[in-house]
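In the UniProt record's numbering, the protein residues as written are 1 to 334.
For each residue, glycine too, the CB sits at the ideal point set by N, CA and C.
Being a predicted model, the structure only gives us computed values, none of them experimental.
Report on the following structure.
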Amino acid sequence: MGIHGITKIITDHAPQAQKTNEIKAYLGRKVAIDASMSLYQFLVADDKNGREWDKARLAKRSDRRAATKESLKEAEEKGNQEEIQKFTRRLVKVTKEHNDDCKKLLRLMGIPVVEAPCEAEAMCAALAKSGKVWAAASEDMDTLCFGAPILLRRLTFSEAKKLPILEFHLDAILKGLELDKNQANLGILLGCDYCDTIKSVGPKTALSLIKKHHNIEEIIKNLTEKQIVPEDFDYQQVRQLFLNPDVTDPKEIDLVWKKPQTEEIVKFMCEQNGFNKDRILKGIEKLEKGIKQSQQGRLDSFFKVSSEPNKNKNKRKNDEKLDKKTKVKSTKAK
DNA sequence: CTCAGCCA
DNA sequence: TGGCTGAGG
1 MGIHGITKII
11 TDHAPQAQKT
21 NEIKAYLGRK
31 VAIDASMSLY
41 QFLVADDKNG
51 REWDKARLAK
61 RSDRRAATKE
71 SLKEAEEKGN
81 QEEIQKFTRR
91 LVKVTKEHND
101 DCKKLLRLMG
111 IPVVEAPCEA
121 EAMCAALAKS
131 GKVWAAASED
141 MDTLCFGAPI
151 LLRRLTFSEA
161 KKLPILEFHL
171 DAILKGLELD
181 KNQANLGILL
191 GCDYCDTIKS
201 VGPKTALSLI
211 KKHHNIEEII
221 KNLTEKQIVP
231 EDFDYQQVRQ
241 LFLNPDVTDP
251 KEIDLVWKKP
261 QTEEIVKFMC
271 EQNGFNKDRI
281 LKGIEKLEKG
291 IKQSQQGRLD
301 SFFKVSSEPN
311 KNKNKRKNDE
321 KLDKKTKVKS
331 TKAK
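Right, here's the structure in full:
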C-alpha cells in the first residue's frame, strides 16, 4: 500500500520534487530495483513474457497455489493451527522457488543481485543513500521514508504500459513541504503499512501538526477529543524501522556487472524451463545491446551531471557522489 | 476535512 | 491506484 496520499501531497506542495522521464534518460545509471513487486508482476503478467513463462511451467503451480490459498483461508476460519502452518509454509515455498529462479536468471544475465534481510525497499534505499547506486526503484513510496534520496516509480514497466517513469527527490519533497528530515513521522501520520493512523487526522492535518510540533510525541500530547490514537500505535517502533531498518551495510556489498552467460541462460530457460529458444536468444541480444548503450550512456551522463549547477548542499552531495562514480565507470568504458 | 464506499 | 461522492464532524 505504501504511504497513503503522499503523491497528492507532493504534487500539491512540492511539484518540483517530481519529474517524469523516459527510460532513455537513465542510460548508464546504476539503480537498485525492488524486485519483490516486479517478480509478482512478471508472474501474473498478461503480456508475452508472462504468458510464456506461465504456460511453460508455472500454470500448474499457480493453480496449486490458488488451491493452497483457499485451504489456508478455510483453516484460518476454523482456527486449525496445524493446517494454517502447513499451508502457509507451502505458500512461502512456492514464492521462494520463484525467487530462486529469478535470482538465478539475473545472475546468469550478469546482473548483481542483493538479498535484503527484511524490507527490499529499505535495502534499495540504503544502497541509494550510500551512493552505491544513484536511485532506488520501487512502486512503494515507503522507500522515501527509508531515506532514499531519489525514488523511481514504474521503471520496470513504463515501456510496456506506455507510462512515463516518475522520479522523486526526497530533499525537494522535504523542502517543498517545509519539513526537515521528517519523512518518517510524516509517513506514519499519513498512513503506512506498519501501523494505523490517528482518527480524524488526514493529509492536511497531518502536515500542519508536523509543522507545528515536529514529532509524533508532541503531536499526541496536543490532540483534540475527536483525534484518537489507535490501539497498538507503535509509532516509535515504526519510526525506528524507517530510520534504522535492518539492512546489509552497503559497504559490504560489491555491485559487479558481468557478461551474460549465453549458453547457461539458454540451458536454464529453454532446456530446463521450455522457453522458446529464438525468443531467449533475442532477449540476450537485446541485453548485450543494452550493455553497450549503457556504457555509452555513462559518458553522456558524466558530462550532463558535471555541467549541472549545484543548487544546494544536499544536491551537491549527491552530485559529488555521482561524479565520482561516473568517473570510475567512464574510465572503465574507455 | 475525514472517511468509507464505489467505480473506472 | 486514484478520483469522485455523500455523509458526518
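C-beta atoms of alanine 126 and proline 250 nearer than 8 angstroms | Between alanine 126 and proline 250, the gap from beta carbon to beta carbon is short of 8 angstroms.
Can you grab the Cα-Cα spacing for the pair aspartate 100 / threonine 11, in whole Å?
-> Rounded to whole angstroms, aspartate 100 to threonine 11 spans 38 angstroms at the Cα level.
Taking isoleucine 216 as part of the alpha helix (DSSP H), name the residues at either end of that continuous run.
-> In the DSSP assignment, isoleucine 216 falls within the alpha helix (DSSP H) that extends over 216 to 221.
If you check the beta carbons only, do leucine 287 and proline 260 fall under 8 angstroms apart?
-> Between leucine 287 and proline 260, the CB-CB gap stays under 8 angstroms.
Per-residue burial, residue 336 [other beta carbons within 10 Å of its own, 16 or more giving buried] = With the chain running from 1 to 334 in the structure shown, residue 336 is simply not present.
Inter-stretch contact (C-beta, 8 angstroms, three-pair minimum) for the segment 173 to 185 and the segment 157 to 165 = In this structure the segment 173 to 185 does not touch the segment 157 to 165; the number of beta carbon pairs closer than 8 angstroms is below three.
If alanine 172 sits next to arginine 239, beta carbons under 8 angstroms apart, how far is it from one beta carbon to the other, in whole angstroms?
-> Here alanine 172 is actually not in contact with arginine 239; their C-beta atoms are around 22 angstroms apart, not less than 8 angstroms.
Thinking C-alpha only, which one of Ile3, Pro245, Glu97 is nearest proline 117?
-> Measuring from the Cα of proline 117, the nearest candidate turns out to be Pro245.
In chain order, what residues of the same chain lie with their CB nearer than 6 angstroms to the CB of aspartate 34, ignoring the 5 residues before and after it?
-> Result list for aspartate 34: Ala120, Glu121, Cys124, Ser138, in chain order.
Would you list the one or two residues that DSSP bridges to leucine 152?
-> When beta bridges are read from the DSSP output, leucine 152 appears opposite Ala137, Glu167.
Can the beta-carbon of tryptophan 134 be found closer than 8 angstroms to that of isoleucine 111?
-> For tryptophan 134 and isoleucine 111, no; Cβs fall outside 8 angstroms.
Out of Ile284, Asp196, Thr7, which has the shortest C-alpha to C-alpha gap to isoleucine 228?
-> With distances taken between Cα atoms, isoleucine 228 lies closest to Asp196.
DSSP on lysine 286, reduced to helix/strand/coil?
-> The answer is helix: DSSP assigns lysine 286 an H, G or I state.
Whole-number beta carbon distance between serine 158 and isoleucine 23, since they are thought to touch under 8 angstroms | The Cβ separation is near 6 angstroms, so the contact holds.
Taking Cβ positions, are glycine 176 and alanine 66 nearer each other than 8 angstroms?
-> No Cβ-Cβ contact shorter than 8 angstroms links glycine 176 with alanine 66.
My understanding is that leucine 27 touches serine 294, with C-beta atoms under 8 angstroms, so please give their C-beta distance in whole angstroms.
-> About 5 angstroms separates the two Cβ atoms, so the contact holds.
For lysine 132, is the classification buried or exposed, using 16 other Cβ atoms within 10 angstroms of its Cβ as the cut-off for buried?
-> It is buried - the Cβ of lysine 132 has at least 16 other Cβ atoms within 10 Å.
With 16 as the cutoff for other CB atoms within 10 Å, does glycine 290 come out buried or exposed?
-> Under this definition glycine 290 is an exposed residue.
Which of helix, strand or coil DSSP assigns to isoleucine 33 = In this structure, isoleucine 33 counts as strand in the three-state DSSP scheme.
Taking 8 angstroms as the cut-off, decide whether the C-beta atoms of tyrosine 194 and isoleucine 216 are in contact.
-> With contacts defined as CB atoms closer than 8 angstroms, tyrosine 194 and isoleucine 216 fail to qualify as a contacting pair.
From Asp278, Ala25, Ile6, Cys102, residue whose alpha carbon lies closest to that of serine 36 = Closest by alpha carbon: Cys102.
Could you check what DSSP says for lysine 259 in three-state terms: helix, strand or coil?
-> Under the three-state reduction of DSSP, lysine 259 is assigned to coil, being neither helix nor strand.
Sequence-distant residues of its chain with Cβ nearer than 7 angstroms to asparagine 222 (five each side left out) | Residues His213 of the same chain have their beta carbon placed closer than 7 angstroms to that of asparagine 222, with the five preceding and five following residues left out of the count.
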